[in-house]
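According to this note's numbering, the sequence shown is numbered sequentially starting from 1431.
First up is the structure itself, then whatever we jot down about it.
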Amino acid sequence: GSEMCIRDSINIDDGGSYASPAEHLIIRSLTFRNIGSGNNNDCLKMSGVDRFLVLDSEFDDCDAGEAIDMVGCHEGVIKGNFFHNIPRNAINTKGGSSDILIQGNRFADIASRAINAGGSTGEPYFRPIDATYEGARIRILANIFERVGQTSGASVAFVGCDLCVFANNTIIEPRTYIVRILQESQDARFVPSRKGYFINNIIVFNTSDIRSYVNIGGGTAPETFTFGNNLWYALDNPSFSGPNISNAIPAETNSIVQQDPQVDLVNGIYVIPSNSPAMGNGRDVPGSIDTDYSGVPFISPIDIGAFKAQ
């Protein structure tokens, strides 16, 4: 498709009529660059948008806003995009957003949260207005994360998120935290951040860059989360014996510690070879996963990370 250079943000919404969402939209092959003037200016803002696709686009320097900020959006797919040089969060899925698939994207140099699965929304702006969660069934699959989280961020923050899945991602040199589990909307009607999955991920990191592997805030339900079948590889500590996740989260199962996944850090090629310890050591993904970062079909037993072994 053709490429456009956008000098102002794109705002798509339902006109304030929550019963009639904007829907059936395709955003494809656009370039969002140098958006905003130092305020909360998003590259792409969507409120009350259902059944949408955001494909094959580039988001670069969204000033003091988010690359994609969703409030009350449903049944969408965000795929094949490149997010980089973002001073805040790359993607927000808040305000009652649900059933969003975020797959096959690359996130590089995101200062705060690459993906805010949930968030913090004023109560009048939820869609549906009586939603009991910030986000639900957000599925984050087969993405690449590079150098994310310099300002107390994380590759993923589960924030008032119900039944959200972060699986088969490749995380390279993360900063501060790997995962955050938070609750920013405190009204009693909201379910706690709960029943999330962090599984089948490759994490290649320096221990010196990490404040803690998982940051847990109050009002959450970490005991309902599932961590497992991840591969943790410390570049600066050959004797690394595994992450101290938290006693509040059930013990991680079937994970691989300090075995080199054999990604190519020099050239930024994160496909794993057929003799990688990540090959065939994943587990089934809730809601399923069909293809890897490049669109190659996964086979069973599934590999760990964003790429099928080659």
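By construction, the Cβ of each residue, glycine as well, lies at the ideal position given by its N, Cα and C atoms.
Exposure of residue i, with buried meaning 16 or more beta-carbon neighbours within 10 Å
i, result
"Arg-1458", "exposed"
"Val-1586", "buried"
"Gly-1549", "buried"
"His-1454", "exposed"
"Leu-1460", "buried"
"Glu-1433", "Low confidence applies here, because Glu-1433 scores a pLDDT of 44, under 50, leaving its location unreliable and the question unanswered by this model."
"Gln-1613", "buried"
"Ile-1456", "exposed"
"Ala-1739", "buried"
"Gly-1445", "exposed"
"Cys-1435", "Below a pLDDT of 50, predicted positions are generally treated as unreliable, and Cys-1435, at 43, falls in that range; the measurement from the model is reported next regardless. Flag for Cys-1435 reads exposed."
"Asn-1511", "buried"
"Pro-1604", "buried"
"Asp-1438", "Per-residue confidence for Asp-1438 stands at a pLDDT of 45, beneath the threshold of 50, marking its modelled position as unreliable; no derived number is given."
"Glu-1564", "buried"
"Ile-1532", "buried"
"Ser-1487", "buried"
Whole-angstrom distance between residue j and residue i, CA atom to CA atom
i, j, result
"Gln-1616", "Ser-1477", "22 Å"
"Asn-1674", "Ser-1642", "8 Å"
"Asp-1666", "Ala-1541", "22 Å"
"Lys-1509", "Thr-1600", "15 Å"
"Asn-1636", "Glu-1682", "20 Å"
"Gly-1525", "Asn-1697", "39 Å"
"Ile-1574", "Ser-1447", "36 Å"
"Val-1479", "Gly-1712", "34 Å"
"Phe-1737", "Gly-1725", "9 Å"
"Val-1501", "Asp-1493", "19 Å"
"Gly-1710", "Pro-1451", "42 Å"
"Ile-1545", "Asn-1705", "31 Å"
"Val-1687", "Ala-1708", "11 Å"
"Val-1742", "Asp-1694", "For the chain, the structure presents residues 1431 to 1740; residue 1742 sits outside this window and is missing."
"Gly-1495", "Ile-1611", "22 Å"
"Asp-1690", "Leu-1661", "9 Å"
"Gln-1692", "Glu-1576", "16 Å"
"Asn-1464", "Leu-1483", "23 Å"
"Ile-1608", "Ile-1640", "8 Å"
"Ile-1530", "Asp-1720", "16 Å"
"Asn-1535", "Gly-1735", "13 Å"
"Ile-1568", "Asn-1598", "14 Å"
"Asn-1469", "Ala-1538", "22 Å"
"Pro-1703", "Asp-1733", "11 Å"
Residue from the options with nearest C-alpha to residue i
i, options, result
"Ser-1685", "Ile-1679, Ile-1675, Ile-1699 and Asn-1659", "Asn-1659"
"Ile-1570", "Ala-1520, Gln-1580 and Ala-1561", "Ala-1520"
"His-1514", "Gly-1712, Asp-1714, Asp-1491 and Asn-1546", "Asp-1491"
"Thr-1562", "Ser-1450, Glu-1453 and Asp-1592", "Asp-1592"
"Phe-1657", "Asn-1631, Ser-1671, Pro-1668 and Ile-1640", "Asn-1631"
"Asn-1645", "Ile-1602, Ser-1582, Asp-1694 and Asp-1714", "Ser-1582"
"Cys-1473", "Val-1479, Ala-1497 and Arg-1481", "Ala-1497"
"Asn-1522", "Asp-1539, Gln-1688, Asn-1511 and Ala-1547", "Ala-1547"
"Asp-1443", "Ser-1487, Tyr-1555, Leu-1695 and Ile-1732", "Tyr-1555"
"Asp-1560", "Ser-1669, Gly-1710, Ile-1611 and Ser-1527", "Ser-1527"
"Phe-1462", "Ala-1566, Phe-1489, Gly-1445 and Val-1589", "Phe-1489"
"Arg-1557", "Val-1578, His-1504 and Gly-1579", "His-1504"
"Asp-1714", "Ile-1629, Ala-1664 and Ser-1671", "Ile-1629"
"Pro-1680", "Glu-1653, Gly-1565, Gly-1590 and Lys-1475", "Glu-1653"
"Ser-1467", "Pro-1727, Asp-1486 and Pro-1517", "Pro-1517"
### Query
How about the stretch 1616-1626 and the stretch 1640-1655: do they share at least three Cβ pairs that are nearer than 8 Å?
yes
### Query
Counting only runs that start and end within the stretch 1649-1693, where is the beta strand (DSSP E) found for 3 or more residues in a row?
Counting only unbroken stretches of 3 or more residues, the beta strand (DSSP E) elements lying wholly within the stretch 1649-1693 are 1656-1658 and 1661-1664, in sequence order.
#### Entry: Complete runs of the beta strand (DSSP E) confined to the stretch 1554-1620 [at least 3 residues]
1565-1571, 1574-1576, 1584-1589, 1595-1597, 1600-1602 and 1609-1612
#### Entry: Unbroken stretches of the beta strand (DSSP E), 3 residues or longer, contained in the stretch 1510-1554
1512-1516, 1521-1524, 1527-1533, 1536-1540 and 1543-1548
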